[in-house]
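Student:
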Amino acid sequence: MSRTTILAQLAFVSALAACEQASAPTTDQEGPNAMNPLMTRSDLPFQAPPFDKIKDTDFRPAIEEGMRRQLEEVRTIAMDPDAPTFTNTIEALELSGRDLNRATAIFYNLTSSATNDTLQSVKAALAPKLAAHADAIALDPSLFVRIKALHDDQAALGLDPVQGRLLDRYYTRFVRAGALLDDPGKERMKKLNEEEADLVTKFQDNILKERAAMAIVVNDPRELEGMGSEAIEAAAASAEAKGHKGAWLIDLRNTTTQPALSELKDRALRERIMQASLTRNGRGNEYDNKDIITRLAQLRAEKAHLLGFPTWAHYVMNDQMAKSPDRALKLMADMAPAAAANAKKEAAELQAIVDQQKGGFEVASWDWDFYAEQVRKARYDLDEAAVKPYLDFENVLQNGVFFAANKLYGLTFRERHDLPVYHPDVRVFDIIDTNGAAIGLFYGDYYARDNKNGGAWMSSFVDQSTLLDQHPVITQNCNYVKPAEGQPCLLSWDDVTTLFHEFGHALHGMLSEQKYPKFSGTATSTDFVEFPSQVNENWALVPEVFNNYAKHWKTGEAMPADLAGKLRRASKFNQGYATTEYLAAALLDLEWHSLPFDAPRVSDVDGFEKTALHKYGLDLPQVPPRYRSCYFSHCWTDYAANYYAYLWSEVMDADAFAWFNENGGMTRANGDHFRATVLSRGGSMDEGEMYRAFRGRDARVEPLLVKRGLR
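Written out as structure tokens, the structure reads:
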């Protein structure tokens, strides 16, 4: 997912990003917080969170106290009688807020991975307070005077390139937060930020609750014909756990299209699943998000207007690689006609099969995956049900994901069982570098739960920083269906690529070698941060890696060469659908955030969607957007006006993978070069310069067009 770090959800981070890391020890431990484990630096290895000591009731007082302490620290910096220097102002800000960040890093990971009513209540109560706290810092005129004085005199300071970039980033972040506004403008910005924080929190809470409420209960086992036995057992276990003993429960995934649709023969059940997925959070019930998102679009347009930008999309992209919505729009709009044309051809192929079988109906969105599987079988003789037994999760993780990281970067991962975790399913590994020394910890949380956000993401409990003497403590979350006792967790091919993708983000955090926390790991522009993760996806199909993990879960036999060959040949299959559903969502995100300040509030969300998709020729009824507006978390939380970033980064990914192939493929020398020029650098240099340092030139789009079957 995305800028995947959970802390990116905080208005504090987006407004200031001054304190993104966990903290060093504090000495003020008197009063009610003296026994709060969140208020002291953990003495566990690498400052791992002491989950065995943390209670839900610890978070609110710890975060409120952390805010109070940081305001004291920042006020001391702002009121320093000495002239501003890089050390007493910029580095001092990097050192501030450590108590607050320790608590919020753990808190926001838990509200995403293992939440409950108490944590959700605390989250709702704290959201406007954290937004106000961010504004209290970012809009402090005394503090900004010091930053501006340094920025204006930067040439005379003798800073090295990283220090210069850090100063520039601070100045830019403060300006973008509203530091140059007049007093009425600042007050209005504060009100808008508090309202936005409150609305985003409600939106996320509604997503979580509605997805659980819309799970499909199946009472007749005949409706499950076509579903694999392992999946049926898992559905039965899920149903029993949620009070539906004797039934089967099909939980919804984050995306519009649901995995079960490719297997189920019962068309009525497929339609039930798709309709439940499509109508989430827009049904007029207590979890409806329509009013929330239309107001979010409106207030973001006003914030952009206050800051001198025509739209929120202009504001966001001005600080990204794209620089303007026009460049992102051109990339997507240029691909849309070819993607839609391919999707229509694919739809015709599916319809031909339906007609041949005398189905008597027109292919709908809930039919696509089911009949696409039949086309795949006919064209490539590839049956996903035949592939899955060779994609056992544990094998893919250990002998695929970890194996590739060892081949490229010399890393190994040693599981440990002595550290407390927040849920029994969570696993912890030492990250061991080439010299045999552990350099941090990796937490893996792989199974779906009702109290866990959908999708997949990477985050961190502690980010690497030599200034703070911190090593990385990285997390990876997926939402695979937990198998019944004694059964394997068999993955689809999409699941495999997701695992490699999120681990690419994890590597970005693990291999960071930065002094300043502001530049650690994934702290890059959003349209660059997906680049390392998408590069990592490529290794899933490289024979050296694939042959090491693609083994039958029961017999241990390698996937037959002819089946593996079919899987590779089918890699471009259904790309019309995949590209169209992605572009539809990305362009929806851009349309919502391209509304000007003086535009009336959208009154018809469905009509807005329909018009936007028609505008780009993507209003195909059989191919719904990857996310519709009311459950489009990227659009309304951490990737607002930034969902184009996946495609932007994929241009670099395809071009970079071509470089690997041109230079010998998966070698330690190539891995070390990528580590030195990209993974270790975090956000410490301009992203375009970083790519050129790796590749020797700017990225070219041609490899992506070939990869997606558009050329």
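Each residue of the sequence shown is one higher than the one before, counting from 89 in the working numbering. Ideal Cβ positions, reconstructed from N, Cα and C, are used throughout, including at glycine.
1) Taking the beta carbon of His702 as the centre, do at least 16 other beta carbons fall within 10 Å, making it buried, or is it exposed?
2) Just verifying my parser: in three-state terms, what is the DSSP assignment at Val509?
3) If you reduce the DSSP assignment to three classes, tell me which class Leu595 lands in.
4) Determine the burial state of Asn342: buried for a count of at least 16 other Cβ atoms within 10 Å of its Cβ, exposed for fewer.
5) Which residues in the same chain as Asp168 place their Cβ atom closer than 6 Å to its Cβ, once the five residues preceding and following it in sequence are excluded?
6) Can you name, in chain order, every residue of its own chain whose Cβ lies under 7 Å from the Cβ of Glu311, other than the five neighbours on each side?
7) Smallest Cα separation from Pro172: which of Ala525, Pro605, His239?
8) Where in the stretch 271 to 320 do unbroken runs of the beta strand (DSSP E), each at least 3 residues long, occur, reported from the N-terminal end onward?
9) Can we say the stretch 529 to 540 touches the stretch 182 to 195, given the rule of at least three CB pairs closer than 8 Å?
10) Can the beta-carbon of Tyr731 be found less than 8 Å from the beta-carbon of Ala673?
11) Grab me the residues of Leu198's own chain with a C-beta within less than 7 Å of its C-beta, minus the 5 sequence neighbours each way, in chain order.
12) What three-state label does DSSP hand Val789 in the structure shown?
13) Smallest Cα separation from Ala297: which of Ser659, Ile320, Gly759, Lys540?
14) What does DSSP give as the partner residue(s) for Asp533 in the beta ladder?
15) In angstroms with no decimal places, state the Cα-to-Cα distance between Ala224 and Phe745.
16) Per DSSP, Ile519 is paired with what?
17) If Phe195 sits next to Phe232, beta carbons under 8 Å apart, how far is it from one beta carbon to the other, in whole angstroms?
18) Check whether the Cβ atoms of Gly805 and Gly609 sit closer than 8 Å, and answer yes or no.
19) Distance check for Phe591 and Phe501, CA to CA, integer angstroms please.
20) How would you label Phe449, buried or exposed, when you count the other beta carbons within 10 angstroms and need 16 or more for buried?
21) Can you find the residues in the same chain that come closer than 7 Å, C-beta to C-beta, to Ile320, ignoring five residues on each side of it along the sequence?
22) Exposed or buried, what is Gly784 when buried is set at 16 or more other beta-carbons lying within 10 Å of its beta-carbon?
23) I need the DSSP call for Trp641, collapsed to helix, strand or coil.
24) Looking only at its chain, what residues have a beta carbon closer than 8 Å to the beta carbon of Phe491, apart from the 5 residues adjacent to it on each side?
25) Determine the DSSP secondary structure at Phe147, reduced to helix, strand or coil.
26) Met546 bridges to which residues according to DSSP?
27) Return the chain-ordered ranges of every alpha helix (DSSP H) run that is complete within the stretch 684 to 742 and spans a minimum of 4 residues.
28) Mapping the DSSP letters down to three states, classify Ala646 as helix, strand or coil.
29) Looking at the structure shown, is Ile142 part of a helix, part of a strand, or coil, going by DSSP?
30) Based on Cα-Cα distance, which residue from Met754, Glu738, His640, Tyr704 lies nearest to Arg788?
31) CA-CA distance, Val484 and Leu629?
32) Check the C-beta distance from Asp533 over to Asn487 and give it rounded, since I have them as a contact under 8 Å.
33) Counting along the chain, where does the alpha helix (DSSP H) carrying Ile338 start and finish?
34) Considering only the alpha carbon of each residue, which of Phe139, Tyr478, Leu555 lies closest to Val647?
Tutor: Well, looking at it:
1) By one-based count along the sequence shown, residue 702 stands at place 614. Classification for His702: exposed.
2) Translated into the one-based positions of the sequence shown, residue 509 becomes position 421. Coil at Val509, not helix or strand.
3) One-based indexing of the sequence shown puts residue 595 at position 507. Leu595: helix per DSSP, three-state reduction.
4) The residue labelled residue 342 in the question sits at position 254 within the sequence shown. Buried, by the Cβ-count rule.
5) The residue labelled residue 168 in the question sits at position 80 within the sequence shown. Excluding residues within five positions, the ones whose Cβ falls inside 6 Å are Asn176.
6) Along the sequence shown, one-based indexing puts residue 311 at 223. The residues are Asp354, Leu357.
7) By 1-based counting over the sequence shown, the position of residue 172 is 84. The shortest CA-to-CA distance from Pro172 to any of Ala525, Pro605, His239 is the one to His239.
8) You should have 304 to 306.
9) Result no; under three Cβ-Cβ pairs closer than 8 Å.
10) Within the sequence shown, the letter at position 643 stands for residue 731. Within the sequence shown, the letter at position 585 stands for residue 673. In this structure, Tyr731 sits near Ala673, with a CB-CB distance shorter than 8 Å.
11) If you number the sequence shown from 1, residue 198 lands on position 110. Same-chain partners within the cutoff: Leu207, Tyr510.
12) Numbered from its first residue, the sequence shown carries residue 789 at position 701. Correct three-state label for Val789: coil.
13) One-based indexing of the sequence shown puts residue 297 at position 209. One point to set straight first is that residue 297 is Lys, not Ala, in the sequence displayed. Here the closest residue by C-alpha is Lys540.
14) Within the sequence shown, residue 533 is the residue found at index 445, counting from 1. Answer is Asn565, bridged to Asp533.
15) Working through the sequence shown from its first residue, we reach residue 224 at position 136. Working through the sequence shown from its first residue, we reach residue 745 at position 657. Computed Cα separation, rounded: 44 Å.
16) If you number the sequence shown from 1, residue 519 lands on position 431. Partner(s): Phe501, Gly528.
17) What you label residue 195 is simply residue 107 of the sequence shown in a count that begins at 1. What you label residue 232 is simply residue 144 of the sequence shown in a count that begins at 1. In fact, because the Cβ distance is near 28 Å, the residues do not count as touching under 8 Å.
18) Not covered by the structure: residue 805. The range shown for the chain is 89 to 799.
19) Taking the first residue of the sequence shown as position 1, residue 501 is located at position 413. Taking the first residue of the sequence shown as position 1, residue 591 is located at position 503. Between Phe501 and Phe591, the C-alpha separation is close to 13 Å.
20) As a position in the sequence shown, residue 449 is number 361, starting the count at 1. That one is exposed.
21) Along the sequence shown, read from residue 1 onward, the residue named residue 320 stands at position 232. Excluding positions up to five away in sequence, the list reads Leu312, Trp336.
22) For the purposes of this step, residue 784 is taken as the residue at position 696 of the sequence shown. Under this definition Gly784 is an exposed residue.
23) Within the sequence shown, the letter at position 553 stands for residue 641. In this structure, Trp641 counts as coil in the three-state DSSP scheme.
24) In the sequence shown, the residue the question calls residue 491 occupies position 403. Cβ neighbours of Phe491 beyond the five flanking positions: Val633, Asn636, Tyr637.
25) Within the sequence shown, the letter at position 59 stands for residue 147. It is helical.
26) One-based indexing of the sequence shown puts residue 546 at position 458. Paired residue(s): Gln564.
27) Restricted to the stretch 684 to 742, the alpha helix (DSSP H) segments that are unbroken, complete and at least 4 residues in length are 693 to 703, 721 to 724, listed in chain order.
28) The residue labelled residue 646 in the question sits at position 558 within the sequence shown. In this structure, Ala646 counts as strand in the three-state DSSP scheme.
29) As a working mapping, residue 142 is identified with position 54 in the sequence shown. Coil.
30) In the sequence shown, residue 788 corresponds to position 700, counting from 1. Nearest option by C-alpha distance: Glu738.
31) The residue you call residue 484 lines up with position 396 of the sequence shown. The residue you call residue 629 lines up with position 541 of the sequence shown. The alpha-carbon atoms of Val484 and Leu629 are separated by roughly 12 Å.
32) Translated into the one-based positions of the sequence shown, residue 533 becomes position 445. Translated into the one-based positions of the sequence shown, residue 487 becomes position 399. Asp533 to Asn487, Cβ: 20 Å. No contact.
33) Numbered from its first residue, the sequence shown carries residue 338 at position 250. It is not in any alpha helix (DSSP H) - Ile338 instead sits in the beta strand (DSSP E) that spans 336 to 338.
34) By 1-based counting over the sequence shown, the position of residue 647 is 559. The question names Val, yet the displayed sequence has Met at residue 647. Comparing Cα positions, the closest option is Tyr478.
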